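Novice: Adding 58 to a residue's 1-based position in the sequence shown gives its number in this note's numbering.
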Amino acid sequence: MAITQLPPEALHRTIDPKWLKFKSTDELTPLDSIIGQNRALEALELGLEIDADGYNIFVTGHPGTGRTTILKKLLCDLAAKCGVPDDWCYVYNFIDPDQPQAINLPAGEGFHFRQRMQQMVETMQLELRRAFASKDYQKQREALTQEFKNKKNALMEAMNQQAQKLGLFVQQSPMGFQTLVIRDGKPIDPETYNALPAAEKRKITRAIQKMEGAINNTLQQLAGLDMEAQKKLNQFSQDTADFIVKKYVNEVKRHYKKYDLVLNYLDAAGKDIALNIVLFLDGEGPEESEGETPEDSVADRDHTFYKYQVNVVVDNSRLEGAPVIHETNPTFINLLGRIEKRPVSGGYVTDFTMIKAGSLMKANGGFLMMEADEVLRNPYVYEALKRSLRNREARIEEISELSGMMSIVSLKPAAVPLKVKLVLIGWNHIYHELAHYDDDFTKVFKIRADFDYETESTPETLHQYAQFFKKVIDEEGLPSFDREAVTELLRYAHRIAGDQQRLSLEFGQLVRMIEQGAFWARKGGGKKVGGEHVRKAISAYERRHSLYNDKMKDHIKDNIVNINVSGQRIGEINALSVMGVGDFSFGSPNRITAKTFIGNEDLVNIERKAGLTGPIHDKGSYILEGFFYSVFGEHEPVSFSASLAFEQNYGHIDGDSASSTELYALLSSLARVPIKQGIAVTGSVNQNGEVQAIGGVNEKIEGFFEVCRLKGLTGEQGVMIPKSNAGDLLLKDEVREAVRAGQFHIWTVESIADGVELLMGVPAGERDEKGFFPPDTIYGKVIDHMDEFILRQKAYNHRLDLMHKKRTGGTKSKPKDKEKSPKKKDKTGKKG
59 MAITQLPPEA LHRTIDPKWL KFKSTDELTP LDSIIGQNRA LEALELGLEI
109 DADGYNIFVT GHPGTGRTTI LKKLLCDLAA KCGVPDDWCY VYNFIDPDQP
159 QAINLPAGEG FHFRQRMQQM VETMQLELRR AFASKDYQKQ REALTQEFKN
209 KKNALMEAMN QQAQKLGLFV QQSPMGFQTL VIRDGKPIDP ETYNALPAAE
259 KRKITRAIQK MEGAINNTLQ QLAGLDMEAQ KKLNQFSQDT ADFIVKKYVN
309 EVKRHYKKYD LVLNYLDAAG KDIALNIVLF LDGEGPEESE GETPEDSVAD
359 RDHTFYKYQV NVVVDNSRLE GAPVIHETNP TFINLLGRIE KRPVSGGYVT
409 DFTMIKAGSL MKANGGFLMM EADEVLRNPY VYEALKRSLR NREARIEEIS
459 ELSGMMSIVS LKPAAVPLKV KLVLIGWNHI YHELAHYDDD FTKVFKIRAD
509 FDYETESTPE TLHQYAQFFK KVIDEEGLPS FDREAVTELL RYAHRIAGDQ
559 QRLSLEFGQL VRMIEQGAFW ARKGGGKKVG GEHVRKAISA YERRHSLYND
609 KMKDHIKDNI VNINVSGQRI GEINALSVMG VGDFSFGSPN RITAKTFIGN
659 EDLVNIERKA GLTGPIHDKG SYILEGFFYS VFGEHEPVSF SASLAFEQNY
709 GHIDGDSASS TELYALLSSL ARVPIKQGIA VTGSVNQNGE VQAIGGVNEK
759 IEGFFEVCRL KGLTGEQGVM IPKSNAGDLL LKDEVREAVR AGQFHIWTVE
809 SIADGVELLM GVPAGERDEK GFFPPDTIYG KVIDHMDEFI LRQKAYNHRL
859 DLMHKKRTGG TKSKPKDKEK SPKKKDKTGK KG
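1) So, is MET861 buried or exposed, given that buried needs 16 or more other C-beta atoms within 10 angstroms?
2) Rounded to a whole number of angstroms, what is the C-alpha to C-alpha distance between PHE171 and VAL368?
3) Answer with buried or exposed for HIS70, where buried requires no fewer than 16 other C-beta atoms within 10 angstroms of its C-beta.
4) What whole-angstrom Cβ distance do MET182 and VAL310 have, given they're in contact under 8 Å?
5) Measure the CB-CB distance between GLY754 and GLY645 and report whether it falls below 8 Å.
6) Under 8 Å, do ALA430 and GLY484 count as touching if we go by C-beta distance?
7) Give the secondary structure of LYS828 by DSSP, where H, G and I count as helix, E and B as strand, and everything else as coil.
8) Taking a contact to mean a Cβ-Cβ separation below 8 Å, would you say SER515 touches ARG560 in this structure?
9) Just tell me which of ALA472, GLU180, ASP497, ALA507 has its CA closest to the CA of VAL481.
10) Identify which residue in LYS479, ILE505, PHE499, PHE565 has its Cα closest to the Cα of THR513.
11) With DSSP as the reference, label ASN648 as helix, strand or coil.
12) For GLN159, which three-state DSSP category applies?
13) Under the assumption that PHE698 contacts THR654 (Cβ atoms under 8 Å), give the Cβ distance between them as a whole number of angstroms.
14) Assign PRO388 to one of three DSSP states: helix, strand, or coil.
15) Of all the options LEU434, ARG264, ARG580, LEU634, which has the alpha carbon lying nearest to the alpha carbon of PRO647?
16) What is the residue span of the beta strand (DSSP E) that ASP508 lies within?
17) Considering just the uninterrupted stretch of the beta strand (DSSP E) at THR806, what are its terminal residues?
18) Quick check: what's the CA-CA separation for PHE116 versus GLU107?
19) Could you check how far apart the C-beta atoms of TYR438 and PHE503 are, in whole angstroms? I think they sit under 8 Å.
20) Looking only at its own chain, which residues have a Cβ that is under 7 Å from the Cβ of ASN392, when we skip the five neighbours before and after it?
21) What residues are listed by DSSP as bridge partners for LEU238?
22) Keeping to the same chain, check which residues put their C-beta closer than 8 Å to that of VAL696; ignore five residues upstream and five downstream.
23) Where do the ends of the alpha helix (DSSP H) carrying ASN632 lie?
24) Once DSSP output is grouped into helix, strand and coil, what is the label at GLN750?
25) Drop a sphere of 10 angstroms on the beta-carbon of CYS134, count the other beta-carbons inside from all chains shown, and report buried for 16 or more, exposed for fewer.
26) Where ARG798 and PRO65 are concerned, what is the direct C-alpha to C-alpha distance, given to the nearest angstrom?
27) Leaving out five residues before and five after MET269 in sequence, what residues of the same chain have Cβ atoms less than 8 Å from its Cβ?
28) Of all the options GLU748, GLU630, ILE681, which has the alpha carbon lying nearest to the alpha carbon of ALA902?
29) What does a CB cutoff of less than 6 Å around LYS769 pick up in its chain, not counting 5 residues either side in sequence?
30) Any idea what DSSP makes of CYS147, helix, strand or coil?
31) Three Cβ pairs or more, each shorter than 8 Å: is that satisfied between the stretch 142-154 and the stretch 121-134?
32) Can you list the alpha helix (DSSP H) stretches of 4 or more residues lying completely in the stretch 510-557, in chain order?
33) Which runs of the alpha helix (DSSP H) spanning at least 4 residues fall entirely within the stretch 78-108, listed in chain order?
34) I need the DSSP call for PRO75, collapsed to helix, strand or coil.
35) Between which residues of its own chain and LEU682 is the CB-CB distance below 8 Å, once the five residues before and five after are set aside?
36) What does DSSP give as the partner residues of THR118 in its beta bridges?
Right, here's the structure in full:
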């Protein structure tokens, strides 16, 4: 019989004080390396160092293992060795205003470019106003004006002289020119004109007609002179403006001789300024239009020169290497950027100055970290991210366009060439689902870095953990921990891992206990943190999360939930389960009952019938059937029906850790041999009857121990676990003390046969040379009762047959012979 009763020393991890060669953490140096993540580090280094498409990284592993912290450190170290990427600016597109132009400049130059453009516009405005108000400009303009005025006067004089020769006078009025007849130096009145001879009138009429032709000719010449004058005046003003504009544009261009995009933009801006000189000369700005509010007018005046502004969307002037961006809220806008709006006249408008870069563009030339579940939670983000990586460009888009909604104003900023290393952090199942359902996923994320959740416990790693504790203590300004406190933390690290030979790499939980241990030490007035403070922190944490556990134990104590921990019962056994509340888990016993009876139906699992079980639990139930056929079916018919139930359970059940427990209950019911109720059982089983390891063994044992302590320890109680779980035991001190005192026991078994003897006090039995189980064994009794079921079934069938004969007079009715007839042929001629 391979049953082992474990001594107290086997129930926890012993940490030799010789391994911790210090009295307190004051003697330690803080950890400057990474513990237990060599595999992940190798993957990260590979992904970060390969500069090729698709070598982005998906980091998997448990939260709290330091994934984010380690990743940030690696990225920052690598980024420090990289060059600082360019700044990116958006400027006005003078050809297509709806498509703002993107310009890149060396880091820090974006700010200077914006300042120079702003200064250029302000200086131009002053210089243009000064130039156009100068005496020299006014003098030259007046000279031009006078020149054309003289020419116009000469034309008028020639016209008047011609009129005088014809005896006429040309009078100018607001309505135009009027021709008057002159006699004796005075215009004649109508009466005098009417009194003239007809010949004289005809002469005057011809003179007037001739003069009207001259007037029209003069008017045309005057109009031509006006146009020529205005043209020369405009050209003079334009030449004056061009000189000033070109002067200051060239001054800015002098700084950007190597940057064609900037030079082209400055040329276009200079031309546009020269064509819009009036904006620079009008100090009041545009007048308030009808229907426009005063606020709108102010906004327009402030926006007069917006076309010549520079919108620096990515400013890397403060970086000393490549950017490392950790986007914690990767919404579409936060990641891809946005185009803001401003209210005008009750509506909204936008322009290139309201373009804002997202994290993707800010991380350009560097590294971008995000949580995978956050990326997938936000609409359109994952596809937009893949599209950006695939096309190697960062493009700012309106989410309304992607969603099919109408955009207020259509702006399509130019895309920016993208070179970024993307790192997503997520659970394993997210990686597997994306790899399975998305064909592009493994093309975009060619590297997976899987962070481990545990590491081997050696003297070297124990010392590294102590150094890690020192690092946390120094960073948070906590009091030092003595050796006992460090030992308790190390034991806790083993407990989280659930393995005597392994330490948990979920440092978040350890940091929590360091902080809370320091709290209890300070509250007690201690200058150092001792082992009692760490134990207090752990117990206080468990108490805060144990309300539901305590309520369940109270129900068991008050017999509201029926759990027997003494005596013996046929077909009843205490199984052990683990329940979780957030990140806290605890164990609790469950009473399983089995009933067997005559029949040849399948095993009925009442929980499965009620829809309360998961697929793994169902698989465990089917394995029980395989066990019966394997052990008994080769020599005897397996003929019985059975039902199994988790009594007083109303929640969902999954997992196969109770499969061996269910099997013991069935064997007890079939053999009619009682099970000791003081022994709880956990362990899965295979079809060969081998007991296999399960999870949560410590919580299960401690949960049953608490129930036994509440109901009274008898010295015969304990828990039977798989032998393969012996190395996972890290039990609380009170459990180990009870074991040491002989009040509680922990047994390990390798097979169902081992457990049968411990639970029922009767050997399971082995077949003799004839293939029979001894009748005084459990298996022998099982076969006897299955045979009894078969005999009872046969006897019942015989009684049914006799009753049937009695009712029918002892004869069986025979069907009448049907009249024989030839078989009909189908349409093909074949007999049917």
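Beta carbons are placed, not taken as given, at the ideal position from N, Cα and C, and that holds for glycine. It should be emphasised that the depicted structure is a prediction, and the values quoted were computed from it without experimental measurement.
Specialist: Looking at the atomic coordinates:
1) Taking the first residue of the sequence shown as position 1, residue 861 is located at position 803. Looking at its Cβ environment, which holds fewer than 16 other Cβ atoms inside 10 Å, MET861 is exposed.
2) Start at 1 with the first residue of the sequence shown, and residue 171 comes out as number 113. Start at 1 with the first residue of the sequence shown, and residue 368 comes out as number 310. Rounded to the nearest angstrom, the two C-alpha atoms are 7 Å apart.
3) Here residue 70 is taken as the residue at index 12 of the sequence shown, counted from 1. Counting Cβ neighbours within 10 Å, HIS70 comes out buried, since at least 16 surround it.
4) For the purposes of this step, residue 182 is identified with residue 124 of the sequence shown, where counting begins at 1. For the purposes of this step, residue 310 is identified with residue 252 of the sequence shown, where counting begins at 1. Not confirmed; about 11 Å, so no contact.
5) In the sequence shown, the residue the question calls residue 754 occupies position 696. In the sequence shown, the residue the question calls residue 645 occupies position 587. The answer is yes: Cβ separation under 8 Å.
6) Along the sequence shown, one-based indexing puts residue 430 at 372. Along the sequence shown, one-based indexing puts residue 484 at 426. Yes, these two residues count as a Cβ contact at 8 Å.
7) Mapped onto the sequence shown, residue 828 falls at position 770. Coil.
8) If you number the sequence shown from 1, residue 515 lands on position 457. If you number the sequence shown from 1, residue 560 lands on position 502. Cβ atoms of SER515 and ARG560: closer than 8 Å.
9) For the purposes of this step, residue 481 is taken as residue 423 along the sequence shown, with counting starting at 1. Cα-wise, what sits closest to VAL481 is ALA507.
10) Counting from one through the sequence shown, the residue named residue 513 turns up at place 455. Of the listed residues, the one whose Cα sits closest to THR513 is PHE565.
11) The count along the sequence shown starts at 1 and reaches residue 648 at position 590. Strand, per DSSP.
12) For the purposes of this step, residue 159 is taken as the residue at position 101 of the sequence shown. Correct three-state label for GLN159: strand.
13) In the sequence shown, the residue the question calls residue 698 occupies position 640. In the sequence shown, the residue the question calls residue 654 occupies position 596. Contact flag correct, Cβ pair sits at about 5 Å.
14) Indexing the sequence shown from 1 puts residue 388 at position 330. Correct three-state label for PRO388: coil.
15) Mapped onto the sequence shown, residue 647 falls at position 589. Closest option to PRO647, Cα to Cα, is LEU634.
16) Looking up residue 508 in the sequence shown gives position 450. Element bounds for ASP508: 505-508.
17) As a position in the sequence shown, residue 806 is number 748, starting the count at 1. Residues 802-807.
18) Locating residue 116 in the sequence shown gives position 58, where the first residue counts as 1. Locating residue 107 in the sequence shown gives position 49, where the first residue counts as 1. When rounded, the distance between both Cα atoms is 15 Å.
19) As a working mapping, residue 438 is identified with position 380 in the sequence shown. As a working mapping, residue 503 is identified with position 445 in the sequence shown. So it is not a contact: roughly 19 Å between Cβ atoms.
20) Residue numbering aside, residue 392 sits at position 334 when the sequence shown is read from its first letter. The residues are GLU385, GLY416, SER417.
21) Counting from 1 along the sequence shown, the entry for residue 238 is found at position 180. DSSP lists PHE227 as partners of LEU238.
22) To locate residue 696, count along the sequence shown from 1; it is residue 638. PHE686, TYR687, PHE690, MET844, listed in sequence order.
23) Taking the first residue of the sequence shown as position 1, residue 632 is located at position 574. Note, ASN632: premise wrong, no alpha helix (DSSP H); beta strand (DSSP E) at 630-639.
24) Translated into positions along the sequence shown, residue 750 becomes position 692. The answer is strand: DSSP assigns GLN750 an E or B state.
25) Position 76 of the sequence shown, counted from the start, is the residue given in the question as residue 134. So CYS134 ends up on the exposed side.
26) As a working note, residue 798 is residue 740 in the sequence shown. As a working note, residue 65 is residue 7 in the sequence shown. Taking the straight line from one Cα to the other gives about 7 Å.
27) Locating residue 269 in the sequence shown gives position 211, where the first residue counts as 1. Closer than 8 Å at the Cβ level, and outside the excluded window around MET269, lie GLN220, ALA221, LEU224, LEU226, VAL228, THR237.
28) Since the first residue shown for the chain is 59 and the last is 890, residue 902 is missing from the structure and cannot be characterised.
29) The residue given as residue 769 occupies position 711 in the sequence shown. Within the same chain, LYS769 has close Cβ partners VAL623.
30) Taking the first residue of the sequence shown as 1, we reach residue 147 at position 89. In this structure, CYS147 counts as strand in the three-state DSSP scheme.
31) no
32) 517-534, 541-555
33) 96-107
34) By one-based count along the sequence shown, residue 75 stands at place 17. Of the three classes helix, strand and coil, the one that applies to PRO75 here is helix, per DSSP.
35) Start at 1 with the first residue of the sequence shown, and residue 682 comes out as number 624. The answer, listed in chain order, is LEU661, SER717, GLU720, LEU721, LEU724, VAL743.
36) Looking up residue 118 in the sequence shown gives position 60. Its beta-bridge partners are GLY484, ASP508.
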